[in-house]
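Q: In order, the protein sequence lines correspond to chains A and B. For the first sequence, position 99 (counting from the first letter as 1) is numbered 1438 according to this note's numbering, and the numbering increases by one without interruption. For the second sequence, position 72 (counting from the first letter as 1) is numbered 76 according to this note's numbering, and the numbering increases by one without interruption. C-beta atoms are modelled at their ideal positions from N, C-alpha and C, and glycine is treated no differently. Submitted below is the structure of interest, expressed as structure tokens.
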Amino acid sequence: KNQVEQSPQSLIILEGKNCTLQCNYTVSPFSNLRWYKQDTGRGPVSLTIMTFSENTKSNGRYTATLDADTKQSSLHITASQLSDSASYICVVSGVDSSYKLIFGSGTRLLVRP
Amino acid sequence: NAGVTQTPKFQVLKTGQSMTLQCAQDMNHEYMSWYRQDPGMGLRLIHYSVGAGITDQGEVPNGYNVSRSTTEDFPLRLLSAAPSQTSVYFCASMFQAGTGNTIYFGEGSWLTVV
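Below you can see the structure in the form of structure tokens.
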């Protein structure tokens, strides 16, 4: 069964610190992987999209990496800000059904002053 | 560009009632979909559409109907609401199903069935 597992489930860091969120998936054959940020009470907003041939993609202080061989991705947040407090969701789609997205359950990040 | 617009934002229903969650997008996207989000779980696909007149079931379609008479609109109908349908519902759209396309989500509809 195609799955997307994210870790940790929740994370608390101090403002200004860096952190890394993990995503492991079993979707095969793999098409692309997306990271989304979801603020409390809002819809998810896209951060990055990577295809199988891409190893890294940045969006400001957010950098996503992808290892298609080990089926792992990470989202690195640099110099965290209070506004980074949100859930971060990893979304994977397969080649045979690229419109059927498989969502991880997310990592809840809390940035404290 | 309003993006993806969902209404209502909040709704309380009694068991057995029916209702429609509205979703509209103004980006001329072919692909539209509905998800539900429950605590501790990832978003799960209810129904999706790859174009006007075309719909298909997702992972959790039971108890829901959809139609796609226009490119812009993709309403989700709850036929006979059950407490198990208490959830947050998100509508999403994408230019075309395929690699590299950004998926745009609405702001969500909070539904409580009592």
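Look up leucine 47 of chain B in the DSSP assignment and say whether it is helix, strand or coil.
A: coil
Q: Tell me the rounded alpha-carbon separation between isoleucine 1428 of chain A and lysine 18 of chain B.
A: 32 Å
Q: Would you kindly check if the distance between the Cβ of serine 1385 of chain A and the Cβ of tyrosine 1375 of chain A is under 8 Å?
A: Yes.
Q: Between which residues of its own chain and threonine 24 of chain B is the CB-CB distance below 8 Å, once the five residues before and five after are set aside?
A: Pro79, Leu80, Arg81, Leu82
Q: I need the boundaries of the beta strand (DSSP E) containing valine 56 of chain B, first residue and last residue.
A: In the sequence under discussion, the amino acid at residue 56 of chain B is alanine, which differs from the valine named in the question. Per DSSP, alanine 56 of chain B belongs to no beta strand (DSSP E) and is neither H nor E.
Q: Quick one: what's lysine 13 of chain B bridged to in DSSP?
A: Beta-bridge pairing links lysine 13 of chain B to no other residue.
Q: Three-state secondary structure (DSSP) at serine 126 of chain B?
A: A question about residue 126 of chain B goes unanswered here, because the residues of chain B that appear run from 5 up to 118.
Q: Quick one: which chain B residues come within Cβ less than 7 Å of isoleucine 1388 of chain A?
A: Gly104, Thr106
Q: How many angstroms separate the CA atom of aspartate 30 of chain B from the CA atom of threonine 11 of chain B?
A: Within the model, the alpha-carbon separation for aspartate 30 of chain B versus threonine 11 of chain B is close to 15 Å.
Q: Going by DSSP in three states, leucine 1421 of chain A sits in which element: helix, strand or coil?
A: helix
Q: If we cut at 8 Å on Cβ distances, does serine 1424 of chain A have a partner in chain B?
A: no
Q: State yes or no: is the C-beta of leucine 1372 of chain A within less than 8 Å of the C-beta of methionine 1389 of chain A?
A: In this structure, methionine 1389 of chain A lies closer than 8 Å to leucine 1372 of chain A by Cβ.
Q: Applying a beta-carbon distance threshold of less than 7 Å, which residues of chain A neighbour methionine 31 of chain B?
A: By Cβ distance, chain A contributes nothing, its closest Cβ being about 13 Å from methionine 31 of chain B, past 7 Å.
Q: Could you name the residues of the region 1343–1367 of chain A whose beta carbon sits closer than 9 Å to any beta carbon of chain B, in the order they occur along the chain?
A: Val1343, Gln1345, Gln1348
Q: Do you know how far the Cα of aspartate 1406 of chain A is from the Cα of lysine 13 of chain B?
A: 39 Å
Q: Taking its Cβ as the centre, do 16 or more other Cβ atoms sit within 10 Å of methionine 98 of chain B, making it buried, or is it exposed?
A: Looking at its Cβ environment, which holds 16 or more other Cβ atoms inside 10 Å, methionine 98 of chain B is buried.
Q: So, is the C-beta of leucine 115 of chain B closer than 8 Å to a C-beta in chain A?
A: no
Q: Do phenylalanine 94 of chain B and glycine 1443 of chain A have their C-beta atoms closer together than 8 Å?
A: Their beta carbons are not under 8 Å apart, which means phenylalanine 94 of chain B does not touch glycine 1443 of chain A by this criterion.
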